[in-house]
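Working notes, structure below.
There are 2 protein chains.
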Amino acid sequence: MNRLPSTVTSAVRCSSVNSSLRRIAMSSAQNAKVLTMDNLNPAVKTMEYAVRGPLVIRAVNLEKELAQGTEKPFKNVIKANIGDAHAMGQAPITFIRQVLACVSYPALLESPDFPTDVKEHAKVILGGCGGHSVGAYSQSTGIDVIRQHVAEYIERRDGGIKSDPEDILLSGGASESIRNVLKLFINRENPKKTGVMVPIPQYPLYSATIEEFGLGQVGYFLDESNNWGLDQAELERSYQESLEEFDTKVIVIINPGNPTGQVLSRENIEQIIKFAHKHNLFIMADEVYQDNVYAEGCAFHSFKKVLTDMGEPFSKMELASFHSVSKGYMGECGMRGGYVELMNMDKDVYVDFKKMISAKLCSTILGQVVIDCVVNPPKQGEPSHDQWLEEKTAVLKSLKERATIVKQAYGALEGITCNPVQGAMYCFPKLHLPAKAVEKAKSLGQAPDFFYAMQLLESTGVCIVPGSGFGQRDGTYHFRTTILPQPALMKDMMERFTGFHNKFMKEYA
Amino acid sequence: MNRLPSTVTSAVRCSSVNSSLRRIAMSSAQNAKVLTMDNLNPAVKTMEYAVRGPLVIRAVNLEKELAQGTEKPFKNVIKANIGDAHAMGQAPITFIRQVLACVSYPALLESPDFPTDVKEHAKVILGGCGGHSVGAYSQSTGIDVIRQHVAEYIERRDGGIKSDPEDILLSGGASESIRNVLKLFINRENPKKTGVMVPIPQYPLYSATIEEFGLGQVGYFLDESNNWGLDQAELERSYQESLEEFDTKVIVIINPGNPTGQVLSRENIEQIIKFAHKHNLFIMADEVYQDNVYAEGCAFHSFKKVLTDMGEPFSKMELASFHSVSKGYMGECGMRGGYVELMNMDKDVYVDFKKMISAKLCSTILGQVVIDCVVNPPKQGEPSHDQWLEEKTAVLKSLKERATIVKQAYGALEGITCNPVQGAMYCFPKLHLPAKAVEKAKSLGQAPDFFYAMQLLESTGVCIVPGSGFGQRDGTYHFRTTILPQPALMKDMMERFTGFHNKFMKEYA
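Just so you know, the sequences run in chain order A and B. FYI, in the UniProt record's numbering the residues of the first sequence are 1 to 509. FYI, in the UniProt record's numbering the residues of the second sequence are 1 to 509.
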């Protein structure tokens, strides 16, 4: 992100010379390191993950400095860099945590302090565990009764369209499933890398994994002037241009969008499906924000439902849809629960897919338990239902309010334009940086929006992620901020931000 | 494992022809699958993971058939294929589960039913979590206070040798850390693959990961006649022979041994360290069974302590040591808690390593909590101490007894010889299969010990893993069984096994 491509290339070119020199040196001095920057996995060297990148490392260090009493122009660091709701003060959902307590320590099943439906949920899950213990491994695919509940949840969500528990694989967050599916497409016997179409801006999990796996990133630009919608012509351009270098087989869609916060219309989804069908692409639908839709007139449409409704040949297309317990109203990021539902995958491929994930044994059982709580919440009339609904509704209502506040606050600043936050948890405003600021950044070898974000962090303690970490059209600058700080903290953050921004714009005017 | 190498090779050779044909077919029929066995990641096709392989898949299906009422010559399936203590009836340690309940549902911190030291542990951990919630992400390296406790634990274990929390990375089981370290050695710019020395027999996580990552497996045979010890000459042979094909840079040692159950002597460890130093190898010490040592006169010596005690130049060598909450006395496999301690790693490499793991966000917080309970158990005088010690001691005593019983029981059978189980959780007996059984297996295209194990499963419901899944000297046959079934189940298993074995040996005599 703050390394320029030319630097990377020359570093790679130097490595063969360096390692020869090193080998000579080593024969005389056996204490040279075995693993050095000369022979380290090149993909590890070049990959970037902005959401946890240099800005965040600096933010963590600033926190430590503050804790040690170092004087700073701010009293605390506000991490608006990552969708981590609990860290920003959101309270957990009681039902989820009570079930977790009961499965972890089953003596609580005898306690009068826990509602009967919580205990029933816990007993059903324990009945699916080896030795009735969450300390046993599950099958690599996950606990069967939880896969069953996921399938029932998807059927309810999609108006009764059939979901087969056999097509559902539980994983450590959605990230692990996304990585697993992408891994299937590595093919070093093919002289062309497998091309994976990803939106630009995109969530850096994709760019980092594509880099690590030696796949080919094929970016298609979202249309900022049309609220980050997808444009058929742009998809076509991106695909056609990729073919010279890549064997393009996959398209990733993030809906609701990360970092861009748009919610795709049903028509837009149909266009994408037709495009994917025309070019025989495997669809990866990142739908982890399916519960996070705020804007009037917007609704979440799953790719599965839309392509099923479209009928053949579309309903026979290969699709992987991902979901997570880290987002939505629960925000249980630390639990690492997620799943993928696979549609129409070749049967033999699926057998080998399951063999591949078996080498990782299984995902965390307690993460699987949280998935169960999310897909199989208390029903109307059960003792936990009202509290659960009240807590869920309050979180989503508050997120909706903050989505509006954040858009308005940034949009009101000079030098910033901002699309509405229709869904997800992020705002991705455009920064109209003065030429002098751009020059200054370039003189430091930094991307201009990285420079801006680092200045903001150092002077206010507010941590955001520069647009260059997600990708953007050349010559444009953005940043991603979450809408997660609770209202009082959000007010504090906006005050710090506004003060910095106005000063910065004046300084470089 | 039950695929012969020649089959694999020809399948690979066919694929380029098949995919050309397929491309022609596809242009006329757009409904062909995008992802097929022709273009699936070749490493995914060829990798094998015996501990979860075809035998285990069959065992799971047999369980389902039994549940549906199908008649079988046995009433249940006994899974002695995997080190999964709780699934085999071992009870969880109360202290661990109480802490888990309290951090999951902090309202329990007010409950009079939980000991004060449990609550104190829970509070310290929550203090290290974002927003004081186990639902927040941690840094990718893990929660700082838990890394600190791990370092203190290692210092106590190794008689005061310094451990720096900064060198400790928490992960989803030891497996994830092992995969992360191996990933550093992928280098496709080097015309030779990086060679990784692994013991034969080995734990198939290594062979599967080496295959998946495109590294080179360099097997060194353990000496069965010397209780699976390591022989300097064999290490040297293996290394020298590898150099034609590979750039060998890593040696993996599993101590106590899996699947072989040996515990290395201090002298043996010193020899290995000297060997690794001579050839400038990075040492990966898989020490997840460090608490599982049963035999009189045996003790666990960590590679860190031995190489530190040996002084320079050895104490400057690069070492990665792995530990897990899945084994030991706690057996909390489903929690997915583990860590790696890195010694003497190049500083820049370590920065990039941490960048690499950041793309996976963080390991499960509740798994990290279990690590904390294991490395920071109740102290003498604290309310939970006596019960904790009693439970821990009872598990280890019972495992020790079963280690002896299993060795004696298998060793008493005709056609089986068996080394003592000094440590870990497995017995790896040698099967002296009659020539007719070997012929029969080969006529079915199966490895002879796979054939034996499948026959055992079908007729008795006992699930073991054939030696061919771990590697063994040509013409020898083995199987791995765990010592984990509780005593009554163990007796049942041995009766079924003995009946089958005697009949099998007679049939093929």
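For every residue, glycine included, the Cβ atom is placed at its ideal position computed from N, Cα and C.
Inspect the beta-carbon positions of residue i and residue j and report whether they are closer than 8 Å.
i	j	result
I146 (chain B)	I357 (chain B)	no
L342 (chain B)	D223 (chain B)	no
Y203 (chain A)	I254 (chain A)	yes
T94 (chain A)	E391 (chain A)	yes
residue 523 (chain B)	F282 (chain B)	In the structure as shown, chain B begins at 1 and stops at 509. Residue 523 (chain B) is therefore absent and cannot be evaluated.
G172 (chain A)	G172 (chain B)	yes
T194 (chain B)	W228 (chain B)	no
residue 520 (chain A)	L100 (chain B)	Absent from the structure is residue 520 (chain A), since the part of chain A shown begins at 1 and ends at 509.
V462 (chain A)	M505 (chain A)	no
G131 (chain A)	Y294 (chain A)	no
Y206 (chain A)	K355 (chain B)	no
P201 (chain A)	Q472 (chain A)	yes
Report the option in the options whose CA atom is closest to the CA atom of residue i.
i	options	result
Q387 (chain B)	B:P42, B:Q98, B:M47 and B:E65	B:Q98
K123 (chain A)	A:F114, A:Q139 and A:P106	A:P106
residue 558 (chain B)	B:L431, B:Q68 and B:Y452	No statement about residue 558 (chain B) is possible, as the shown extent of chain B runs from 1 to 509 and does not include it.
D158 (chain A)	A:F303, A:A295, A:C129 and A:Q139	A:F303
V77 (chain A)	A:F504, A:M505 and A:F497	A:F497
A435 (chain A)	A:F428, A:P448 and A:L126	A:P448
residue 572 (chain A)	A:P256, A:G160 and A:E152	Since the first residue of chain A shown is 1 and the last is 509, residue 572 (chain A) is not available in this structure.
Q139 (chain B)	B:K491, B:L170, B:F504 and B:F213	B:L170
E495 (chain A)	A:N41, A:S384, A:F74 and A:D309	A:F74
For the putative contact between residue i and residue j, defined by C-beta atoms under 8 Å, what is the C-beta separation to the nearest angstrom?
i	j	result
A364 (chain A)	M335 (chain B)	The question names Ala, but residue 364 (chain A) is Thr in the sequence shown. Between M335 (chain B) and T364 (chain A) the Cβ distance is about 7 Å, and since that is below 8 Å, they are a contact.
S242 (chain A)	H86 (chain B)	The pair is not a contact, with the Cβ atoms about 49 Å apart (cut-off 8 Å).
Y137 (chain B)	I82 (chain A)	7 Å
L230 (chain B)	I272 (chain B)	6 Å
F322 (chain A)	V340 (chain A)	5 Å
E332 (chain A)	G135 (chain B)	4 Å
Does any residue of chain B have a CB that is nearer than 8 Å to the CB of residue i?
i	result
E332 (chain A)	yes
R13 (chain A)	With a pLDDT of 30 at R13 (chain A), under the threshold of 50, the predicted position of this residue should be treated as unreliable, though the coordinate-derived value follows. Judged by the 8 Å Cβ criterion, R13 (chain A) is not in contact with chain B.
L444 (chain A)	no
A248 (chain A)	According to the sequence displayed, residue 248 (chain A) carries Thr and not Ala. For T248 (chain A), the answer is no, since every Cβ of chain B falls outside 8 Å of its Cβ.
I186 (chain A)	yes
H86 (chain A)	yes
K355 (chain A)	yes
P92 (chain A)	yes
T36 (chain A)	yes
M490 (chain A)	no
M493 (chain A)	no
Roughly how many whole angstroms lie between the Cα atoms of residue i and residue j?
i	j	result
residue 515 (chain B)	V118 (chain B)	Examination of residue 515 (chain B) is not possible in this model, given that chain B is present from 1 through 509 alone.
E479 (chain B)	S468 (chain B)	Reading off the sequence shown, one finds Phe at residue 479 (chain B), where the question assumed Glu. Rounded to whole angstroms, F479 (chain B) to S468 (chain B) spans 8 Å at the Cα level.
L21 (chain A)	Y508 (chain A)	Because the pLDDT at L21 (chain A) is just 42, under 50, the model does not fix this residue reliably, and the point stays unresolved.
Q90 (chain A)	A394 (chain B)	42 Å
L444 (chain B)	P377 (chain B)	52 Å
E270 (chain B)	L307 (chain B)	7 Å
R188 (chain B)	G216 (chain B)	12 Å
S324 (chain A)	L489 (chain B)	39 Å
A174 (chain B)	V369 (chain B)	15 Å
A276 (chain A)	L235 (chain A)	9 Å
E318 (chain B)	Y153 (chain B)	21 Å
P485 (chain B)	A80 (chain B)	7 Å
G407 (chain A)	S238 (chain A)	In the sequence as displayed, the identity of residue 407 (chain A) is Lys instead of Gly. Each residue's Cα considered, the two are about 30 Å apart.
L399 (chain B)	I416 (chain B)	22 Å
Q30 (chain B)	G411 (chain A)	Only weak support is given to the placement of Q30 (chain B): the predicted model assigns it a pLDDT of 48, under 50, and the question is left unresolved by the model.
R58 (chain B)	A43 (chain B)	23 Å
Against chain A, does residue i count as a neighbour if the rule is that its beta carbon must be under 8 Å from one of theirs?
i	result
V349 (chain B)	yes
I82 (chain B)	yes
A59 (chain B)	no
T481 (chain B)	no
I365 (chain B)	yes
N41 (chain B)	yes
N226 (chain B)	no
R237 (chain B)	no
L291 (chain B)	As written in the sequence, residue 291 (chain B) is Asp, which differs from the Leu given in the question. Chain A, which has no Cβ nearer than 8 Å to the Cβ of D291 (chain B), makes this no.
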